Amino acid sequence: MVPGGSSGGSAASVAANSVLGATGTDTGGSIRQPAAFCGITGIKPTYGRCSRWGVVAFASSLDQAGPMTRSVRDCAIMLEAMAGYDKKDSTSINRPVPSYQNEMTGSIKGKRIGVPKEYRVDGTSDEIIKLWEQGIEWMRDAGAEIVDISLPHTKYALPAYYIVAPAEASSNLARYDGIRYGHRVEGEDLNDLYCKTRADGFGDEVQRRIMIGAYVLSAGFYDAYYNKARQVRTLIANDFKAAFGQVDAILTPTAPTPAFGDNEIQDDPIAMYLNDVFTVPASLAGLPAMSVPAGLSNDGLPLGLHLIGQPFEEGELLNIGGVMEKAAAFSAKPQLRAGA
Amino acid sequence: MSLDRSTVEKVAQLAKLAIDEDDKDRLAGELNAIIGFVEQLSELDTTGVQPMTSVVEANAPLRADVVNDGDIAEKVLANAPERVQDFFAVPKVVE
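Those sequence lines, one after another, are chains C and P. Just so we're aligned: the first sequence equals residues 15 to 354 in this note's numbering. Just so we're aligned: the second sequence equals residues 1332 to 1426 in this note's numbering.
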């Protein structure tokens, strides 16, 4: 089975009990999806909450670092240590870091939890829909008010993401040219050296994304693709702004399927992209979002529920996540783990 | 939606990626599928919508315009595949 990705190594190490917690980075779901696949907790904070200094840049308008742990409380402790201003990341926000642990009061009485109708997407497995409904029940039982909401531009989030992210990646990864650092393959001339180095050093999916990025940014296509995607991003962010007039947080599944075999579906890039359908919209809007382990699939694989919060309301999100964790009482452990 | 073999060659040159002859048709097919997927956006009327530049409303931080770093040539060159004295070395570009 795959642990999910891209922070799948972090997720697997935490799940296997070989570390207490691990850092991850999340551009479109890379903390939350592996957290769900591995049965752990992971939070992608608000864009700008944690410094990305030292992280290999992928899509700079989306990249954010965050903690991955075995409990929501550990996540709160680790996030408190990670969050804050860093002059070495000019996108990091200079505002006080609250005590996230103190915000975990265990009470969500009167909180309004939104359930977006557009997240009932085709291809989501029945067991995940069932778990989502269970999560809604848990929230209601804890005294929260469930509110049906609409995020009308949801279906355009993935297409917008697969323009914005490759465009930024193609620009960020231009630095891997074999001159200043990293892998180099000699060529007949400088241009040949660049091309051979990059073809040899980047994997298939990375090369595909660089090509897509170069294409959508190229002369004549920039407006039709890149600017269009940025406009759609505004619409998606506005959907969330409107929803947060009515609710305090939003509950969705984390991924449309449990973990899959390492020989399954990876041949089809689009099918792989659809795995991020629930996590990408919050990324495009820069919102904090977390995955909490909530149950097992019929095959015994971990499933996560996903909470999306308002900007810089990580404390609220962790509090709701903590209530969810308690209700779910997820106790499954992987067979392969440290000390077992 | 017309990402043919010659477009693949052009884009590969922009992206500085050497593509094997045998892979060009496969890549054209894959890229077409992705472009076809993202073209759903054209259904949406976005007239008058401001393109997003930043997800958080924050001013870019300013610092004093003074030298605050430098003199670390050894560190900068430490990972260079090839160097000559304090310079990155590249194949000859001028005959």
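By construction, the Cβ of each residue, glycine as well, lies at the ideal position given by its N, Cα and C atoms. Just so you know, these numbers come straight off a predicted model, no measurement behind them.
Tell me where the beta strand (DSSP E) around residue i begins and ends.
{"i": "residue 305/C", "result": "303–310"}
{"i": "residue 56/C", "result": "55–58"}
Within the same chain, show all residues whose beta-carbon is closer than 6 Å to that of residue i, passing over the 5 residues directly before and after it, in chain order.
{"i": "residue 246/C", "result": "170, 174"}
{"i": "residue 1343/P", "result": "1350"}
{"i": "residue 339/C", "result": "86, 306"}
{"i": "residue 1420/P", "result": "1413, 1414"}
{"i": "residue 1346/P", "result": "none"}
{"i": "residue 276/C", "result": "16"}
{"i": "residue 304/C", "result": "57, 321, 331, 335"}
Taking the DSSP output, what are the residues bridged to residue i?
{"i": "residue 360/C", "result": "Only positions 15 to 354 of chain C appear in the structure, and residue 360/C is not among them; the question remains open."}
{"i": "residue 38/C", "result": "80/C"}
{"i": "residue 363/C", "result": "No statement about residue 363/C is possible, as the shown extent of chain C runs from 15 to 354 and does not include it."}
{"i": "residue 1415/P", "result": "1418/P"}
{"i": "residue 263/C", "result": "127/C, 323/C"}
Taking C-alpha atoms, which residue in the options lies nearest to residue i?
{"i": "residue 266/C", "options": "87/C, 224/C, 344/C, 143/C", "result": "143/C"}
{"i": "residue 99/C", "options": "1339/P, 1392/P, 1350/P", "result": "1392/P"}
{"i": "residue 35/C", "options": "43/C, 254/C, 20/C, 90/C", "result": "90/C"}
{"i": "residue 81/C", "options": "164/C, 351/C, 28/C", "result": "28/C"}
{"i": "residue 92/C", "options": "55/C, 182/C, 242/C, 201/C", "result": "55/C"}
{"i": "residue 179/C", "options": "289/C, 344/C, 240/C, 23/C", "result": "240/C"}
{"i": "residue 147/C", "options": "137/C, 57/C, 131/C", "result": "131/C"}
{"i": "residue 50/C", "options": "268/C, 151/C, 156/C", "result": "268/C"}
{"i": "residue 166/C", "options": "254/C, 218/C, 282/C, 97/C", "result": "254/C"}
{"i": "residue 136/C", "options": "309/C, 271/C, 104/C, 304/C", "result": "271/C"}
{"i": "residue 1424/P", "options": "335/C, 320/C, 206/C, 134/C", "result": "206/C"}
{"i": "residue 284/C", "options": "112/C, 213/C, 176/C, 250/C", "result": "176/C"}
{"i": "residue 1418/P", "options": "353/C, 324/C, 195/C, 133/C", "result": "195/C"}
{"i": "residue 187/C", "options": "159/C, 116/C, 216/C, 168/C", "result": "216/C"}
{"i": "residue 292/C", "options": "318/C, 112/C, 222/C, 242/C", "result": "318/C"}
{"i": "residue 158/C", "options": "44/C, 309/C, 20/C, 335/C", "result": "335/C"}
{"i": "residue 1335/P", "options": "1352/P, 1359/P, 1348/P, 1341/P", "result": "1359/P"}
{"i": "residue 1408/P", "options": "192/C, 341/C, 67/C", "result": "192/C"}
{"i": "residue 1427/P", "options": "326/C, 342/C, 333/C, 238/C", "result": "This structure cannot speak to residue 1427/P, because chain P is shown only from 1332 to 1426."}
{"i": "residue 154/C", "options": "124/C, 74/C, 243/C", "result": "124/C"}
{"i": "residue 1410/P", "options": "190/C, 248/C, 39/C", "result": "190/C"}
Enumerate in chain order the residues of its own chain whose CB-to-CB distance from residue i is below 7 Å, with the five nearest sequence positions on each side excluded.
{"i": "residue 1332/P", "result": "A caution first: residue 1332/P carries a pLDDT of 49, below 50, which makes its placement in the model too unreliable to give a value."}
{"i": "residue 260/C", "result": "126, 128, 161, 163"}
{"i": "residue 53/C", "result": "29, 307, 316, 344, 346"}
{"i": "residue 222/C", "result": "283"}
Taking residue i as part of the alpha helix (DSSP H), name the residues at either end of that continuous run.
{"i": "residue 316/C", "result": "Here residue 316/C belongs to no alpha helix (DSSP H); instead the beta strand (DSSP E) covers 316–323."}
{"i": "residue 1404/P", "result": "1404–1408"}
{"i": "residue 254/C", "result": "242–257"}
{"i": "residue 1355/P", "result": "1355–1369"}
{"i": "residue 153/C", "result": "140–155"}
{"i": "residue 221/C", "result": "218–231"}
{"i": "residue 337/C", "result": "328–342"}
{"i": "residue 174/C", "result": "171–186"}
{"i": "residue 208/C", "result": "204–215"}
{"i": "residue 22/C", "result": "22–29"}
{"i": "residue 121/C", "result": "Note, residue 121/C: premise wrong, no alpha helix (DSSP H); not H, not E."}
{"i": "residue 46/C", "result": "46–52"}
Whose C-beta lies closer than 8 Å to the C-beta of residue i among residues of the same chain, with five residues either side of it excluded?
{"i": "residue 139/C", "result": "270, 271, 272, 311"}
- Task: Give the residues from the stretch 307–327 of chain C that approach chain P closer than 8 Å (Cβ to any Cβ), ordered along the chain.
- Result: Flagged, chain order: 325.
- Of all the residues that make up the stretch 1349–1370 of chain P, which are near chain C by a beta-carbon distance shorter than 8 Å? Residues passing the 8 Å Cβ filter: 1349, 1350, 1358, 1361, 1362, 1364, 1365, 1366, 1368, 1369, 1370.
- Item | Contact list for the stretch 226–238 of chain C against chain P, Cβ threshold 9 Å | Under the 9 Å Cβ criterion, the stretch 226–238 of chain C contributes 226, 227, 228, 229, 230, 231, 232, 238.
- Residues of the stretch 1376–1405 of chain P whose Cβ lies closer than 8 Å to any Cβ of chain C, in chain order: Cβ contacts with chain C come from 1377, 1380, 1381, 1382, 1383, 1384, 1385, 1386, 1387, 1389, 1391, 1392, 1394.
- Task: For the stretch 1411–1424 of chain P, enumerate the residues whose C-beta is nearer than 9 Å to any C-beta of chain C, in chain order.
- Result: Taking 9 Å as the upper bound on Cβ-Cβ separation, chain C lies near residues 1411, 1412, 1413, 1419, 1420, 1421, 1422, 1423, 1424 of the stretch 1411–1424 of chain P.
- Message: By the 9 Å beta-carbon criterion, what residues does the stretch 275–289 of chain C contribute toward chain P?
- Response: Going along the stretch 275–289 of chain C in chain order, one finds 282, 283, 284, 287 with a Cβ nearer than 9 Å to chain P.
- Residues within the stretch 244–262 of chain C neighbouring chain P, beta-carbon criterion of under 8 Å: Going along the stretch 244–262 of chain C in chain order, one finds 244, 245, 246, 247, 248, 249, 251 with a Cβ nearer than 8 Å to chain P.
- Item | Contact residues within the stretch 49–65 of chain C, judged by C-beta distance below 8 Å to chain P | So the close ones are 60, 61, 62.
- Query: For the stretch 166–187 of chain C, which residues have a beta carbon sitting closer than 7 Å to at least one beta carbon of chain P?
  - Reply: Close to chain P, meaning a Cβ-Cβ distance shorter than 7 Å, are the following residues of the stretch 166–187 of chain C: 170, 173, 174, 176, 177, 184.
- Item | Near-chain P residues of the stretch 79–113 of chain C - C-beta to any C-beta below 7 Å | Going along the stretch 79–113 of chain C in chain order, one finds 104, 107 with a Cβ nearer than 7 Å to chain P.
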